[in-house]
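Structure first, commentary second.
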Amino acid sequence: MIPASFEYIRVDSTEQVIAGLAEYGDEAKILAGGMSLIPLMKLRLATPTVLLDAGRLDDLSYISDKGDYLALGALTRHRDLETSDLLAKECAVLRGVAAEVGDNQVRHRGTIGGSVAHGDPASDLPAVLVALEAEFVVEGPSGSRTLASANFFKGFLETELSETEMLTEIRVPKTGATNWSYHKFNRRAQDWAIVGALAFRAQDSSRVALVNMGSVPIRATAVEQALASGASHAEAADQAAVGTEAPEDSNASSAYREHLSRVLVKRALDEALV
Amino acid sequence: MTTTTNPPDFSGGPSPRGSILGNAVRRFEDPKILRGEAVYFDDLSPTGLAHLVFVRSTIAHARVTNIDTREAETMPGVVAVYTHENIGLKPNVSFAMLPDGFARPPLANGTVRFVGDMVAAVVAETRAQAVDAAEMVIVDYDPLPVVVDPEAALADGAPILFPDLATNVAIEFNFAEADPELMAEAEVVVSGRFVNQRVAPVPMEPNGIVVEFDKEKNLSLTVPTQAPFGVRDPVAKEFGLDPEKVRVRAPAVGGGFGAKSGCYVEYLVAISAARQLARPIKWTETRSENMLSMYHGRGQIQYVDMGLKRDGTITAVKVHVICEAGAYPSVGAFLPFLTRTMAQGVYEIPKVEFTSVSAATNTTPTAAYRGAGRPEATAFLERIIDMAADELEIDPVEIRRRNFIAPEKFPLTTVTGANYDVGDFNKALTEACRISGYEELRADQRSRRERGDTVELGIGVSTYVEITAGGQFQEFGAVKIQSDGTVEARVGTSSHGQGHATAFAMIVAELLGVAMEDVRVVQSDTALVPRGSGTSGSRSLQIGGSAIYNASVEVLEKAKVLAAHLLEANPDDIVLHDNARVGVSGVPASALSWADLAAAAHDPTRRPAEWTDDEGLMSELDFNQGDATYPFGAHVAVVEVDTETGRVNLLRHIAVDDCGRVLNPLLVSGQQHGGVGQGAAQALYEGVSYDSDGNPLTGNLMDYAIPSAAEFPSFEVSNTETPTPLNPLGAKGIGESGTIGSTPAIQNAVVDALSAMGISHIDMPLLSLRVWQTIQDTRAK
Ligand SMILES: Cc1cc2nc3c(=O)[nH]c(=O)nc-3n(C[C@H](O)[C@H](O)[C@H](O)COP(=O)(O)OP(=O)(O)OC[C@H]3O[C@@H](n4cnc5c(N)ncnc54)[C@H](O)[C@@H]3O)c2cc1C
Chain F
13 MIPASFEYIR VDSTEQVIAG LAEYGDEAKI LAGGMSLIPL MKLRLATPTV LLDAGRLDDL
73 SYISDKGDYL ALGALTRHRD LETSDLLAKE CAVLRGVAAE VGDNQVRHRG TIGGSVAHGD
133 PASDLPAVLV ALEAEFVVEG PSGSRTLASA NFFKGFLETE LSETEMLTEI RVPKTGATNW
193 SYHKFNRRAQ DWAIVGALAF RAQDSSRVAL VNMGSVPIRA TAVEQALASG ASHAEAADQA
253 AVGTEAPEDS NASSAYREHL SRVLVKRALD EALV
Chain U
835 MTTTTNPPDF SGGPSPRGSI LGNAVRRFED PKILRGEAVY FDDLSPTGLA HLVFVRSTIA
895 HARVTNIDTR EAETMPGVVA VYTHENIGLK PNVSFAMLPD GFARPPLANG TVRFVGDMVA
955 AVVAETRAQA VDAAEMVIVD YDPLPVVVDP EAALADGAPI LFPDLATNVA IEFNFAEADP
1015 ELMAEAEVVV SGRFVNQRVA PVPMEPNGIV VEFDKEKNLS LTVPTQAPFG VRDPVAKEFG
1075 LDPEKVRVRA PAVGGGFGAK SGCYVEYLVA ISAARQLARP IKWTETRSEN MLSMYHGRGQ
1135 IQYVDMGLKR DGTITAVKVH VICEAGAYPS VGAFLPFLTR TMAQGVYEIP KVEFTSVSAA
1195 TNTTPTAAYR GAGRPEATAF LERIIDMAAD ELEIDPVEIR RRNFIAPEKF PLTTVTGANY
1255 DVGDFNKALT EACRISGYEE LRADQRSRRE RGDTVELGIG VSTYVEITAG GQFQEFGAVK
1315 IQSDGTVEAR VGTSSHGQGH ATAFAMIVAE LLGVAMEDVR VVQSDTALVP RGSGTSGSRS
1375 LQIGGSAIYN ASVEVLEKAK VLAAHLLEAN PDDIVLHDNA RVGVSGVPAS ALSWADLAAA
1435 AHDPTRRPAE WTDDEGLMSE LDFNQGDATY PFGAHVAVVE VDTETGRVNL LRHIAVDDCG
1495 RVLNPLLVSG QQHGGVGQGA AQALYEGVSY DSDGNPLTGN LMDYAIPSAA EFPSFEVSNT
1555 ETPTPLNPLG AKGIGESGTI GSTPAIQNAV VDALSAMGIS HIDMPLLSLR VWQTIQDTRA
1615 K
């Protein structure tokens, strides 16, 4: 399909992005990797009249060690996460999940900031970030603010970001090279998860998250609590669907998704928490 | 990986050198394609080009009460907007055997009948302008009741697509009175209802056309088609033109799978617009448009009964097929005829009763798709015989062996009238079992079950025989020596990815001793080739290749006469020497090069006096095979089924396909790999679906899951070689075998994995949801 016509502006700095958003308001969209925005535009489900192409803001593409946490620039490509030595040592789970996103081409273009800002509950990275208790640094006309990932995702393609704000940095704790397991259940290798189940250890607690089990990425707190109170993996995994609102589509009924979440969480727990 | 090591013995091959035939010669075509240098229709931008975009119905069935084009006409760059009123085209009958009442107005005349039906066409200076203007065409729809399911379309009170016909029945096949004694000899009767689901062809390159006019203002069309003459003749007829004055070219074509045969009504609209505007026009489909407008394939509901003796001997088969023809019934409506032809398959079946009805529904029309009616026959036979094996507790391989038509019975005419040329079905099956390690696989399956593994192993077998070059037995071929000694070979088939230029050059090189690089294969252009049926039904090598073969033989004979004349020798003493010169046996030094011979043939003072014409060293002929050939084979699929999630993992797929003598194993295995992949796709991933309002649910490649290499193991493909006596190459077709053999093998493997639970059938595609649901339902019983 062919997108509606739009004005294309390549920006060279975060300031220009903020200024552009202020000027054009909801007419404008930031273009990062374009892997989610362009398909929507081609289907004319999104019709921004101005695109602010942030793709060359190299100063927002980094993975750096800030002592007690890691800072990731919003424009960091999935491929850079997937191949990062620093992440291998300090946050192996994020590196591992990044490698499961789409296919190679998508991972070379798509950015972590785009994945977060897009707010798709079927995306892989938001779930791991929520389970990591990541923080998001956001720049806007009135300066910057830092948001907790736990409150960031509001609904399907809906986040705390306002139309005039840009996500600039993602901060994650150092969880080390610990065991993790991500079971991404999809039709084809390149597809989004029908259901994804993630388990790992961080800061002495077991973290469990679910992909595509509701309108936002989900932290499986019932499972985590069961584990904390000494439940077996099987018993804990039985809690996987508690509090979820699994969608229904041609790949899965809600009941099937709930069932998959229990099976996959069990498998993830068995692999990650040994 | 040819498993029988018959040396390629091409009778008539005169060469004392090692034969090139039978060798894995790499495709000439590939470097250009891989470097992006191949020219596709969409690469053409003649001066003055305007772009056409269709306004397609978003409603599956409706009266069109108003089309407001005023706003669109004022949009930037718009040249014209067409509707039924001003396009000037008659309703189009796309398949002669069907009632005229199903004719399709190229642009809707008051009624739309599927999502994707065309309402208007916008022509603008740029494609983007045309797309924007098309959005501004306002169409008022008054919805009518919708029917999507073909069985519902046949029920009393169903919405009728063409009220004048008062029925949705497009065509019925019913060749005999029902036999009340059909199952009289049967000791058991197994029955099933199988859905052979509708699939989309999804060629990598979508459809389209470039319409131009030559200096004499004659039409010149560039179309991604499998059959240029199949476009030329209907176009000439529609516009009342002399066919000779219409040129149709197929440049590089990015796949077709049957769906790029025939003359799409979109072409007629683009041509009519170009003629009215007197300027070149291009229409290029988008992928989303392709999913709506390109004819779909398969789409059968099959009710099958098989009667057997307790020892597994088949006594009779009864089949009733309901076929989805779509909104404007076309070739697809006819395909159950081919399903019927192959309803006996590889087995001795004394009695076959087959009936079918093809129904119009508010969906995309259906047509030929890789196998076209024959895969559907193999699918039901291989499914029902597995159900019988399960019922009678006979191993699936063994029950097939007990029923195979024996090799010494060939040639034979089946009870459904197919003239099987030659076959050895057990040879292929035995080979497939050997390669797969069938007994070890069964042992693995048993031991998994004994230890209660939640991941079951499934082993699926299918054996098939199919029709290639059916219906179109004749093809044009010409071979001519050029003045520089190179060869031009013209042929009426039309390659669209298969590698014919390589295959045909091999034949010429073999017979005339020239280098393959010195053979130029000309095809796919009605101005350069006088006639031809194009490429479909796996016909090209056996028919087109045989035409080239015979033309090469004739050219060599002529060359021998000429050489004898020039060298004052006896023609019987003339041979083609190793150095590609023609001369007296044993005296290569005095022999003549092809360039010498070509020059002499054009020189009245040098050629024999009786050669009065100046056509040179050339032969132009039509090869007629007189009948179809019947390739066969056996496939074994090995799957794992995760019973906790329903996920199916194809672990191995073994294909032993017998397409007669193999000319180029690389081309053959390419067709096998692609065909198996496409067949596996139908078994496991693909299926076009609609909601009850007729809205497509699989309108793009996110929802319509074509698999990629990441989903599959490397297939284990090989051949047995049983040459056909019907053509000089001994070759049968291979283009469709992969899709025919693989789909049922994989489906059988999945059912086999779950058979211990009491599951005897699951319809395709075997998505995890469906497999899991079936397991749940079975456990709940
Ligand atoms: C074939 C295919 C398969 C895919 N498979 C998967 C998969 O399996 N799993 C998965 O998780 N994802 C998948 N994706 C999506 C991919 O991960 C995208 O990269 C990601 O969703 C968006 O990142 P992007 O950089 O491409 O964002 P864009 O598409 O450029 O932008 C997405 C949205 O975010 C906004 N935005 C982008 N950056 C910022 C920012 N810094 N601040 C504020 N707003 C911003 C944009 O304005 C836009 O609204 C797939 C994509 C494709 C095309």
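Those sequence lines, one after another, are chains F and U. When you read off a place in the first sequence, starting at 1, and then add 12, the result is the number in our numbering. When you read off a place in the second sequence, starting at 1, and then add 834, the result is the number in our numbering. Backbone N, C-alpha and C fix where the C-beta goes; we use that ideal spot for every residue, glycine too.
Closer than 8 Å: residue i CB and nearest ligand 1 heavy atom
| i | result |
| --- | --- |
| Val-23 of chain F | no |
| Ala-31 of chain F | no |
| Met-47 of chain F | yes |
| Asn-198 of chain F | yes |
| Val-949 of chain U | no |
| Leu-1075 of chain U | no |
| Gln-298 of chain F | It is not possible to answer for residue 298 of chain F, since the shown part of chain F is limited to 13 through 286. |
Coil, strand or helix - residue i by DSSP
| i | result |
| --- | --- |
| Thr-256 of chain F | coil |
| Tyr-81 of chain F | strand |
| Trp-204 of chain F | coil |
| Ala-1010 of chain U | coil |
| Arg-904 of chain U | helix |
| Gln-1136 of chain U | strand |
| Val-1496 of chain U | coil |
| Cys-1267 of chain U | helix |
Cutoff 9 Å: residue i Cβ touching any chain U Cβ
| i | result |
| --- | --- |
| Asn-263 of chain F | yes |
| Ala-134 of chain F | no |
| Ile-14 of chain F | yes |
| His-271 of chain F | yes |
| Val-268 of chain F | A small correction: the amino acid at residue 268 of chain F is Tyr; Val does not occupy that position in the sequence shown. Chain U contact via Cβ: present. |
| Asp-250 of chain F | no |
| Ile-50 of chain F | no |
| Asn-202 of chain F | According to the sequence shown, residue 202 of chain F is Gln rather than Asn. Answer yes: the Cβ-Cβ gap between Gln-202 of chain F and chain U drops below 9 Å somewhere. |
| Asp-282 of chain F | no |
Proximity test, Cβ basis, 9 Å: residue i and chain F
| i | result |
| --- | --- |
| Trp-1606 of chain U | yes |
| Asp-902 of chain U | no |
| Met-1536 of chain U | yes |
| Asp-966 of chain U | yes |
Separation of residue j from residue i, as counted between CA atoms
| i | j | result |
| --- | --- | --- |
| His-895 of chain U | Val-1249 of chain U | 41 Å |
| Tyr-194 of chain F | Trp-204 of chain F | 13 Å |
| Met-1529 of chain U | Asp-1537 of chain U | Before going further, note that residue 1529 of chain U is Asn rather than Met in the sequence given. The straight-line gap from Cα to Cα measures roughly 13 Å. |
| Ser-1629 of chain U | His-245 of chain F | The question about residue 1629 of chain U has no answer here: the residues shown for chain U are numbered 835 through 1615. |
| Val-109 of chain F | Asp-136 of chain F | 7 Å |
| Gly-1179 of chain U | Gly-1521 of chain U | 25 Å |
| Phe-1007 of chain U | Leu-1172 of chain U | 11 Å |
| Glu-1351 of chain U | Glu-1322 of chain U | 11 Å |
| Val-1044 of chain U | Ser-879 of chain U | 8 Å |
| Ala-1584 of chain U | Val-1470 of chain U | Looking at the sequence itself, residue 1584 of chain U is Val, so the reference to Ala does not match. Approximately 12 Å, taken between the alpha carbons. |
| Asp-1048 of chain U | Phe-948 of chain U | 36 Å |
| Phe-875 of chain U | Leu-87 of chain F | 38 Å |
| Leu-1531 of chain U | Val-254 of chain F | 30 Å |
| Tyr-1464 of chain U | Arg-1204 of chain U | 15 Å |
Contacts around residue i, its chain only, beta-carbon distance under 8 Å, and the 5 residues preceding and following it disregarded
| i | result |
| --- | --- |
| Pro-1422 of chain U | His-1411, Asp-1412, Asn-1413, Arg-1415 |
| Ala-992 of chain U | Val-981, Ala-986, Asn-1002 |
Same chain, Cβ closer than 7 Å to residue i, neighbours up to 5 away in sequence not counted
| i | result |
| --- | --- |
| Ala-221 of chain F | Ala-139, Val-140, Val-142, Ala-143, Leu-210, Pro-229, Ile-230, Arg-231, Ala-232 |
| Leu-49 of chain F | Lys-41, Leu-43, Ala-58 |
| Glu-1119 of chain U | Pro-1040, Asn-1041, Gly-1042, Ser-1127 |
Near ligand 2: residue i beta-carbon under 8 Å from a heavy atom
| i | result |
| --- | --- |
| Leu-179 of chain F | For ligand 2, the structure offers nothing, since it holds only ligand 1. |
Cβ shell of residue i (< 6 Å), same chain only, five flanking positions each side left out
| i | result |
| --- | --- |
| Ile-972 of chain U | Asp-902 |
| Arg-279 of chain F | His-195 |
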